[in-house]
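Peer 1: My questions all concern the structure below.
Protein chains in written order, with our numbering: chain A, 19 to 301; chain B, 19 to 301; chain C, 19 to 301; chain D, 19 to 301.
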């Protein structure tokens, strides 16, 4: 499944500022980067470094002068995903069987205060025994109970706010999904990427839950097809995977994001539509 | 309907301390105090003052020495309540028809942050058109979704906490009920009193919503009969009507509370049981 | 001291909406309304009602059609204030000597969670024995530690947020001042009014603390002279005294506010400048 | 520097429960485990796994029966620490020079909401240029402004609570120190261990800040000597390094913790006492 993604970000810098960008697509066993270019205008020295597991790739950029600059990225990516029969997603892996590298994803994090949502999660979803059905119910609940409303929330907004205030954007929806899963001891992680057919175009945030030994994809916004996501990063939450972490003083002037399918035969798959019972995993 | 109520509170005082007690039963058009005695041991000078509407009666007590003291109160009260046909409770009084003295009860207060719960309240209850049915649904929702669990919450706990953490005591249940009503522009106020058949015996907190021109009684804990409450105070929330507001340093050593019916024919009326459709008002 | 104040507010209404405006100047023993006019365009029926003590005057307006309308108010006011020698402001009135009508102002309220700030307030200000010096220190601390920054806070922002986030507007500054006073058992209340020499012109929010038997004026923003305030309302906090409480769906299109001195000899008095030691009271 | 540490924890289990314990001392380049024994009574199968960097060692234990059990651990450890001349600690490493594995420690986490404390941190500590002096000032500020008060906080308490409520235990002190450092772009991490001369004996929590290329030790409680800590774990905060994470229903009945020096010549070094200017690092 080939996609071409790109982004162009322009900043006006007012004092020496360090940027850590999270815009490069990740390299995973199921996502191959066929071609990519990263440029800045004017030309600025930049440095790439990766997360501990080597998948997520960060760009660090130091700007010392008062300038405007543009960072542009373009990549062609071949990605695979699996459609998984729900028969294989029946059971939650109990905590005592989880792999060590999955365990961090059952603990609360900055924007996903699962420890505060346990009674609520058990009341709402505790009676559902099938693990995939349980997370699907969480996803559906968020879609039905939280208003997609750009402009109301900030980068400090967390699942603990959203469960009460019931409004937000993709990032807030994902954080709430993650928090509710973890409150039920289901590992869940943040997923940020380029999304096919997102209007208006932007980076997108969703989440993955660990069910039946697979990281299954969920998107409580239901804004895009589930099979059109090119992954940038996973993380515990947006604290691990912000598009841009900025240390200094700057304003973002322009943000253009694109994600196009390079295959005529690409068939968008909307989980909520048709065949609700099938899970989708990017790994 | 005659009740005998009493309480005995013992404190150990460690530095000069001012107490404002809210333990005297209120004098309203529907609640007559037939007899009452208030004593302290040792004898301490105390002062009674009333709220602006003259109904709630506070006791102020200054203790300057390091002593233990007991304050004891006993009253015989004759109270009336009305059972109201739901036909008269069909409509919410719109804000533009509310009496000026009711308006303060649509605004948020310390423990009832209705401004933060508007979207949630509209999603959950906005579709119910009948006003009495709407508040009954709020009452039922709290009963079903919040765990009665002494010891988890403190005097700083508010509706904004309880809507997420889903556990608390009568005070927390009442605050949440009030906040959800106000979020829907239904005036609601805190009600504290002596309660018949409460186990273990204690002061009790409930709420009243203003429907069809009447203050209708609700108790989301469902712990006591609705017709066995002897009112101590109304207020916006517990900030107006705490049993004891203490300025200084002291420990409560003993708290005994009682509420007994003086009529053999008294029939407890449980709203949630039988005849759910009938409203009850103490005014 | 004569002032002329005016405001003009324009709204676009999209569904039946009730407005409660708090824009009329209050009538108190020290503030006389010499002349005033209130009009709406188009002409709409409106109703005035007052707070329990009769000082604050609210306007209620019901708009049922999809229209734009303007509400305009203009008043000439004669007001008195007292400059008070700090000798009379030495002592905090202890809680056991407070008049009953002052007591509500020692309790926490929606935007002034004084119960959560007690240890902080005692640490920062508890060592100051003179009551006026204590509240002056609170005022100064807020001025020095909170950034005046329009646009960061909302109508849900409270003192509990501001003490941590350290940014806000006049309303947030006032709430924090009130909360810190109450945390030290000093009664404090919200004060909203028209302010001379405020740039850009707007309604202004400040606070009053009850010291030596007087309500002493404080303004931690230091944006305006202390003797140029024409009072609209007092209240526990902005929940009691919002400029406009709106039940419905509308957008404010225009807001013009003015406050001019009608006396050539008017001398602005800046508390923080010159003669810091003198208190000012509007009652 | 040889220490003998031990702990004994007893639990009563009421339903199938998974335990993840964090009680084994960590294996680092500067901390060698000479001898250790871990037992349970009754004998239960347990599994050890390590964090991604291999230093922190977790024990996972599954109990399916309603039993009481005891887990006991004892270790002899040889540890090294460095006293570092402040000349080497003059400068904060700017974000653009930080190693990739340190970067996660500048981001906010569950209990350390540094994003919310930036203005406060800059106001209080931003003027201090020397990095070590800056974190020392943070440490001192916490010691002076937060009351050590067991019993007021819970496992949900975070730095965002403590900065306002000003009371807590070692864990809360550490979280606040970490949050304030990160708010100033100084990497900081949680440190939990066995502590010499802690009364009453317990596990202890402190923090490390990354200054001049070293992880420098800080303890805002000032309860123990800085050179008597045997490390169990590092992490972003207590979410990574809780003594016991429990999935199920159980009660801790007994907790005994010990930490003794095995060297007669051991000289406790109290940072706050004598030679304030010297930093101490365990790595």
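Here a beta-carbon is modelled for each residue, glycine too, at the ideal position from N, C-alpha and C.
Model, not experiment: these values are computed from the prediction.
1. At 4 residues or longer, and completely inside the stretch 145–196 of chain B: list those alpha helix (DSSP H) runs for me, N to C.
2. Please list the residues of the stretch 105–118 of chain C that have a C-beta atom closer than 8 angstroms to any C-beta atom in chain B, keeping them in chain order.
3. Look at the alpha carbon of residue 280(A) and the alpha carbon of residue 130(C), and state the distance between them as a whole number of angstroms.
4. Would the beta-carbon of residue 89(B) fall within 9 angstroms of that of residue 41(B)?
5. From residue 222(A) to residue 247(D), what does the alpha carbon distance come to, in whole angstroms?
6. Alpha carbon to alpha carbon, how far is residue 59(B) from residue 93(B)?
7. If you compare alpha carbons, which of 160(A), 207(A) and 27(A) is closest to residue 187(A)?
8. Quick one, which residues of the stretch 170–188 of chain C are near chain D if we go by CB-CB under 8 angstroms, in chain order?
9. Taking 6 angstroms as the limit between beta carbons, can you name the residues of its chain near residue 254(D), skipping five residues before and five after?
10. State the DSSP-derived secondary structure class of residue 52(B), mapped to helix, strand or coil.
11. When you compare only the Cα positions, how much space is there between residue 302(B) and residue 250(B)?
12. Measure the alpha-carbon distance for residue 192(D) versus residue 104(C) and round it to whole angstroms.
13. Decide yes or no for the touch test of the stretch 195–208 of chain A against the stretch 63–81 of chain A: beta carbon pairs closer than 8 angstroms, at least 3 of them.
14. Are any of the Cβ atoms in chain D nearer than 9 angstroms to that of residue 121(A)?
15. Between 163(D), 69(D) and 225(D), which has its C-alpha nearest residue 38(D)'s C-alpha?
16. Taking the alpha-carbon positions, what's the residue 181(A) to residue 52(D) distance?
17. Can you name the start and end residues of the alpha helix (DSSP H) that residue 137(D) belongs to?
18. Report back the beta-carbon spacing between residue 202(C) and residue 144(C) to the nearest angstrom; my notes put them in contact at under 8 angstroms.
19. What residues match up with residue 28(B) in a beta bridge as DSSP calls it?
20. Using the three-state DSSP reduction, which class does residue 244(D) fall into: helix, strand or coil?
21. Counting only beta-carbon separations shorter than 9 angstroms, does residue 137(A) have a partner in chain D?
22. Look at the Cβ atom of residue 100(A), then the Cβ atom of residue 232(A), and state whether they are nearer than 9 angstroms.
23. Apart from the five residues just before and just after residue 264(C), which ones in its own chain have a Cβ nearer than 7 angstroms to its Cβ?
24. Reducing DSSP to helix, strand and coil, say where residue 98(A) ends up.
25. What does the alpha-carbon distance come out to for the pair residue 243(C) and residue 208(C)?
26. Any C-beta of chain D sitting closer than 9 angstroms to the C-beta of residue 165(C)?
27. Verify the CB distance criterion: does residue 296(D) have a CB-CB separation below 9 angstroms to chain C?
28. Mapping DSSP to helix, strand and coil, what is residue 127(A)?
29. For residue 282(C), which residues does DSSP report across the bridge?
30. For residue 85(D), count neighbouring Cβ atoms within 10 angstroms of its own Cβ and tell me buried if that reaches 16, exposed if not.
31. How is residue 292(A) classed by DSSP in three states: helix, strand or coil?
32. Please identify, using Cβ separations under 7 angstroms, the residues of the stretch 123–157 of chain A that lie next to chain B, in order along the chain.
33. I'd like the span of the beta strand (DSSP E) that includes residue 206(D), first residue to last.
34. Compare the C-beta of residue 292(B) against all C-beta atoms of chain A and say whether one is closer than 9 angstroms.
35. Can you give me the start and stop residues for the beta strand (DSSP E) that residue 222(D) sits inside?
Peer 2: In short, the structure shows the following:
1. 149–163 and 177–183
2. 112, 113, 114 and 118
3. 57 angstroms
4. yes
5. 44 angstroms
6. 18 angstroms
7. 160(A)
8. 178, 181, 182, 183, 184 and 185
9. 127
10. strand
11. An answer regarding residue 302(B) cannot be provided, because it is not within the stretch 19 to 301 covered by chain B.
12. 43 angstroms
13. no
14. yes
15. 69(D)
16. 49 angstroms
17. 136–143
18. 7 angstroms
19. 88(B) and 272(B)
20. coil
21. no
22. yes
23. 35 and 37
24. coil
25. 17 angstroms
26. yes
27. no
28. strand
29. DSSP lists no partner for residue 282(C).
30. exposed
31. Unreliable positioning characterises residue 292(A) in this predicted model, as indicated by a pLDDT of 48, which lies under 50. A coordinate reading is not provided.
32. 134, 135, 137, 138 and 141
33. 206–213
34. Confidence is the limiting factor: at residue 292(B) the pLDDT is only 48, short of 50, which leaves the residue's position unreliable and the question unanswerable from this model.
35. 221–229
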